Amino acid sequence: MPDFIRKIAVSSEGPSLDDAVDPRFGRAGGFVVVDMTDMSVDYIDNGASQTMAMGAGIETAERMARAGVQAVLSGYVGPKAFAALEAAGVRVCQNVDGGSVRDAVERFCRGELPFADAPNR
Amino acid sequence: MREIVVISGKGGTGKTTISAAFAYLAENKVICDLDVDAPDLHILLEPAIRERHDFISGHKAVIQQDVCVQCGQCANLCAFAAVQVKEGRHVVDELRCEGCGVCVALCPQKAIVFPDSHCGQWYVSDSRFGLMVHAQLFPGEENSGRLVSLLKTEARQRARAVGLGTILCDGSPGVGCPVISSLSGAGLAVGVVEPTPSGRHDFMRIADLCRHFRVPLAVIINKEDLNPAEAEAIAGLCAEQGHTLLGRLPFDPVVTTAMVCRKALTEFDNVVGNSLKDMWSALQALYPGK
Amino acid sequence: MRIAVASGKGGAGKTSVTASLASIWDTPLIVADADVEAPNLHLFLHPQIEEERYCGLDVPRLEITRCTQCGLCRDICTYKAIAAFAGRISIFPDMCHGCGGCFAVCSAGALERTQRELGILQRGTVLEGRVRFLMGRTRIGEAMTPPLLRQEHLFLQEMQAVLPADILLDAPPGVSCPAMTAARDVDVILLVADPTPFGFHDFRLAHQAFLPMHKDVRVVINRAGAADNAAGDAAVRAYCREHGLPLLAELPFERVAAEQYALGGLLVHLSEQWQQRFEALRDALRQPNVGATVAQRPQEAHHA
Chain L
13 MPDFIRKIAV
23 SSEGPSLDDA
33 VDPRFGRAGG
43 FVVVDMTDMS
53 VDYIDNGASQ
63 TMAMGAGIET
73 AERMARAGVQ
83 AVLSGYVGPK
93 AFAALEAAGV
103 RVCQNVDGGS
113 VRDAVERFCR
123 GELPFADAPN
133 R
Chain C
17 MREIVVISGK
27 GGTGKTTISA
37 AFAYLAENKV
47 ICDLDVDAPD
57 LHILLEPAIR
67 ERHDFISGHK
77 AVIQQDVCVQ
87 CGQCANLCAF
97 AAVQVKEGRH
107 VVDELRCEGC
117 GVCVALCPQK
127 AIVFPDSHCG
137 QWYVSDSRFG
147 LMVHAQLFPG
157 EENSGRLVSL
167 LKTEARQRAR
177 AVGLGTILCD
187 GSPGVGCPVI
197 SSLSGAGLAV
207 GVVEPTPSGR
217 HDFMRIADLC
227 RHFRVPLAVI
237 INKEDLNPAE
247 AEAIAGLCAE
257 QGHTLLGRLP
267 FDPVVTTAMV
277 CRKALTEFDN
287 VVGNSLKDMW
297 SALQALYPGK
Chain V
168 MRIAVASGKG
178 GAGKTSVTAS
188 LASIWDTPLI
198 VADADVEAPN
208 LHLFLHPQIE
218 EERYCGLDVP
228 RLEITRCTQC
238 GLCRDICTYK
248 AIAAFAGRIS
258 IFPDMCHGCG
268 GCFAVCSAGA
278 LERTQRELGI
288 LQRGTVLEGR
298 VRFLMGRTRI
308 GEAMTPPLLR
318 QEHLFLQEMQ
328 AVLPADILLD
338 APPGVSCPAM
348 TAARDVDVIL
358 LVADPTPFGF
368 HDFRLAHQAF
378 LPMHKDVRVV
388 INRAGAADNA
398 AGDAAVRAYC
408 REHGLPLLAE
418 LPFERVAAEQ
428 YALGGLLVHL
438 SEQWQQRFEA
448 LRDALRQPNV
458 GATVAQRPQE
468 AHHA
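Residue numbers (our numbering), protein chains in the order written: chain L, 13 to 133; chain C, 17 to 306; chain V, 168 to 471.
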């Protein structure tokens, strides 16, 4: 794990580590933010972007950048959202699907989730 | 939770007829009509409306004549030619206004207000075949992608709240933004395709979309006997691209008869309806509930 | 005269009617496909294309050396085409609707105009050169159709200026923005009504959508006389009577017609009878519409 990753955000259906991972990025219900230095947990609601017709991915990427997140764990990150996260300097681990936020964080810590260099299809 | 969406490249291929036939067979489901521009499913399902909500999306510019000094800045700025001069006054043509807000932000007199735009209604209903979420967008409105997303979110919440395991959607026609919203989050798309000059092309567009959104596609060729050669070509493409061919249906006047009687094809004994029952069983095997 | 052939939803027979009418039009004609998301007419008329024009939309490009990162462009953009990450501006041209707000607020001159390709317009001829042809097609992945339709309309005007002709427009299906944009600049809207319960419902929606435009709306029923659906035919006729819509023709429901469409053929070529039906429809379209003006007057007063 690169040492500059301090905060990661996992797209989530609810506010806790035990909630299910939301496979969507731009239209995720919210994000569980984990500070890797002390494993403290925070939650960002994404409801405002959830109902946008277009631009949800870009707005969500802005929200990630504002929260000072260095990496995002999600299922499907579309091409525009990916470009936006890239512009924001946020790394992406995609195809994270099924299971709880805690599972995803543990997999990330074990180095099982590679950083993507392109949006998934 | 299972999410099945019935789609078609263009309108008129039998998408709604097939959605209704499946809706009759499906158990423990929420039915969702995502064709928000011109919904038809309610004609067969006769929903009794339980909840009625306004759909608010975007804004429309309105010039307050008592503040406006008729300087014309808004007309110069509007890229959509929506500001017109009528009887010496600048007014916004509602049909042309795209709600970009540029005139609102840059009017030197701050004479332009930007109220929310009421674009349609959406409903939660009890239909003949169970819980139904549907909508009607007002004519000429464009934000149907967002309304589709809203309906799907509502359908998921309602299904979860009462413990229903399946969401069955009559998708939007075409290949544009609303269809993309229809597909997002779906576990299986059923594509209804006709063997017509545009059939193969329409099929390839929806197959591309499904691949892009990683939604498996199962295909029904409707009215296959109108052009058997073209139907074969579509079947060949399915095999080549790895899409399940759920089955084929003939061109049969019973489809109109059923619609006239406000019945789903699977509600009574007939050839087309019986084929659809087989397809629904095949679909269960393809995409079983949890 | 300019005629848009429209319907509440795809599948009513809009393209079939347009293609057959074009083939028996006996005065100068331009036939145009405005269903730019899924153009179909060329599959029935097989045009010889003579000219192609790519159409674009003005979108911003950031000249980073001049940008002061003031964020005004981001704030005015409703469409999220401009975002700011840690105070730095990023542009997503795919999201842009071309409103021009960002150019208007950038005082540093950091935004330059560049074009996003919307689609293509193709001009040519059909029916052995007798009829001029125009079609638009959006680029795959392009979400916006109205600006391409506006450019298609300008191209049509240009073609008419070269040689005056009637215009027959295969309109986009439905009642949303593209259909309204295409119908805005015509004299007559010919609504194709399918008399099934679904079709009748879509037809009424379409008529209601066009009402505020105060257009001369006329109707042709497609697939009339289907088994068990006499009530549906009667419902369309009654609706037309009630709203003062001239019902110009009824095309019968026949299996051979469905086959002809599926094979890419023209209905007008099916038989002498089918040809006469379309000739009668053409002649009726040329008659002035007295009834509709009367019927629409109260509506006008209401909106004024």
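Note that CB positions come from ideal geometry on N, CA and C, so glycine has one too.
Predicted model, so just to flag it, every value in this text is computed and none were measured.
Proximal residues to residue i (C-beta, below 7 Å), its chain only, five neighbours per side dropped
i: C/Arg112; result: Phe96, Ala97 and Ala98
i: C/Lys45; result: Gly146, Leu180, Thr182, Ile183 and Leu184
i: C/Gln89; result: Leu122, Cys123 and Pro124
i: V/Ala342; result: It is worth fixing the name first, because residue 342 of chain V is Val in this sequence and not Ala. The answer, listed in chain order, is Gly175, Leu372, Ala373 and Ala376.
i: C/Thr282; result: Ala37, Tyr40, Leu41, Gly289, Leu292 and Lys293
i: V/Leu229; result: Ile256, Ile258, Ala277 and Leu278
Straight-line gap, residue i to residue j (C-alpha atoms, nearest Å)
i: V/Ala402; j: V/Leu372; result: 14 Å
i: V/Ala338; j: L/Met66; result: 26 Å
i: C/Lys307; j: C/Asp268; result: Outside the shown range of chain C, which is 17 to 306, sits residue 307 of chain C, and nothing can be said about it.
i: V/Asn207; j: C/Asp218; result: 10 Å
i: C/Val191; j: L/Met51; result: 44 Å
i: V/Asp261; j: V/Leu212; result: 33 Å
i: V/Lys382; j: C/Ser143; result: 37 Å
i: L/Ala100; j: C/Gly117; result: 26 Å
i: C/Leu75; j: C/Asp132; result: For clarity, residue 75 of chain C is His in the given sequence; the question names Leu instead. Near 4 Å, if we compare the C-alpha coordinates of C/Asp132 and C/His75.
i: C/Arg105; j: C/Glu114; result: 20 Å
i: C/Gly161; j: L/Arg39; result: 13 Å
i: V/Thr460; j: V/His410; result: Residue placement at V/Thr460 cannot be trusted, given a pLDDT of 43 that sits under 50; what the coordinates show is reported in the next sentence. The alpha-carbon atoms of V/Thr460 and V/His410 are separated by roughly 11 Å.
i: C/Leu292; j: C/Ile34; result: 8 Å
i: V/Leu323; j: V/Leu210; result: 20 Å
i: L/Asp31; j: C/Gln80; result: 49 Å
i: V/Glu426; j: V/Ala349; result: 29 Å
i: V/Val172; j: V/Ala199; result: 10 Å
i: L/Met48; j: C/Ala151; result: 45 Å
i: V/His436; j: V/Pro345; result: 31 Å
i: V/Pro227; j: V/Cys244; result: 11 Å
Within 8 Å, strictly: CB atoms of residue i and residue j
i: V/Val298; j: V/Thr292; result: yes
i: C/His134; j: C/Ile72; result: yes
i: L/Phe37; j: L/Tyr88; result: yes
i: V/Ser183; j: V/Leu358; result: no
i: V/Val272; j: V/Cys234; result: no
i: V/Ile170; j: V/Asp354; result: yes
i: V/Leu414; j: V/Ser187; result: no
i: V/Asp361; j: V/Ala205; result: no
i: C/Leu50; j: C/Leu167; result: yes
i: C/Ala223; j: C/Ala37; result: no
i: C/Ala205; j: C/Val164; result: no
i: V/Gly286; j: V/Gly303; result: yes
i: C/Arg66; j: C/Val140; result: yes
i: C/Leu262; j: C/Met295; result: yes
i: L/Leu85; j: L/Val22; result: yes
i: C/Thr273; j: C/Leu302; result: no
i: V/Lys247; j: L/Ile70; result: yes
i: C/Ala247; j: C/Arg264; result: yes
i: C/Gln137; j: C/His69; result: yes
Proximal residues to residue i (C-beta, below 8 Å), its chain only, five neighbours per side dropped
i: C/Val178; result: Leu147
i: V/Arg453; result: Met168
i: C/Ala91; result: Val99, Gln100, Val101 and His106
i: V/Val387; result: Val184, Leu357, Leu358, Val359, Ala360, Leu414, Leu415, Ala416, Glu417, Leu418 and Leu448
Proximal residues to residue i (C-beta, below 6 Å), its chain only, five neighbours per side dropped
i: L/Pro35; result: Gly87, Tyr88 and Asp109
i: V/Ala468; result: Reliability of the predicted coordinates at V/Ala468 is poor, the pLDDT of 35 falling under 50, and no value is obtained from them.
i: L/Phe94; result: Pro131
Quick test of the definition: if touching needs 3 or more C-beta pairs under 8 Å, does the region 313-330 of chain V touch the region 217-231 of chain V? Yes: at least three Cβ pairs fall under 8 Å.
Should the region 286-306 of chain C be regarded as contacting the region 330-344 of chain V, the criterion being three or more beta carbon pairs within less than 8 Å? Cβ pair count under 8 Å is below three, so no.
Would the region 386-399 of chain V and the region 410-421 of chain V be scored as touching if the rule is three or more Cβ pairs under 8 Å? Yes, the region 386-399 of chain V touches the region 410-421 of chain V.
- Item | Contact the region 27-36 of chain C vs the region 114-132 of chain L: 3+ CB pairs below 8 Å | The region 114-132 of chain L and the region 27-36 of chain C do not touch, with fewer than three beta-carbon pairs separated by less than 8 Å.
Uninterrupted beta strand (DSSP E) stretches inside the region 86-132 of chain C (no shorter than 3 residues):
Considered as a whole, the region 86-132 of chain C harbours 99-102 and 105-108 as its complete beta strand (DSSP E) runs of no fewer than 3 residues, in chain order.
message: Which complete beta strand (DSSP E) runs does the region 137-179 of chain C hold, if anything under 3 residues is left out?
response: Runs of the beta strand (DSSP E) inside the region 137-179 of chain C: 146-153.
query: Where are the alpha helix (DSSP H) runs, 4 residues long or more, that stay fully inside the region 61-109 of chain L, in chain order?
result: If you keep only unbroken alpha helix (DSSP H) runs of at least 4 residues inside the region 61-109 of chain L, you get 68-78 and 91-99.
Count Cβ pairs between the region 241-257 of chain V and the region 280-294 of chain V that sit closer than 8 Å; are there 3 or more?
Taking 8 Å as the limit for Cβ pairs, the verdict is that the region 280-294 of chain V does not touch the region 241-257 of chain V.
Exercise. Whole beta strand (DSSP E) runs in the region 186-260 of chain C with 3 or more residues, listed along the chain?
Worked result: List check, beta strand (DSSP E) in window: 204-209 and 233-237.
- request: Could you tell me which uninterrupted alpha helix (DSSP H) segments, each at least 4 residues in length, are contained entirely in the region 265-295 of chain V, listed from first to last along the chain?
  value: Runs of the alpha helix (DSSP H) spanning 4 or more residues and lying entirely within the region 265-295 of chain V occur at 268-272, in chain order.
- [ ] Starting from the N-terminal side, write out each stretch of the beta strand (DSSP E) that is 3 residues or longer and does not extend beyond the region 408-467 of chain V.
- [x] For the region 408-467 of chain V, the full-length beta strand (DSSP E) segments reaching 3 residues or more read 414-419 along the chain.
Subject >> 3-residue-minimum beta strand (DSSP E) runs that sit fully inside the region 337-420 of chain V, ordered along the chain >> reply: Those beta strand (DSSP E) runs which fall completely within the region 337-420 of chain V and span 3+ residues are 355-360, 383-391 and 414-419.
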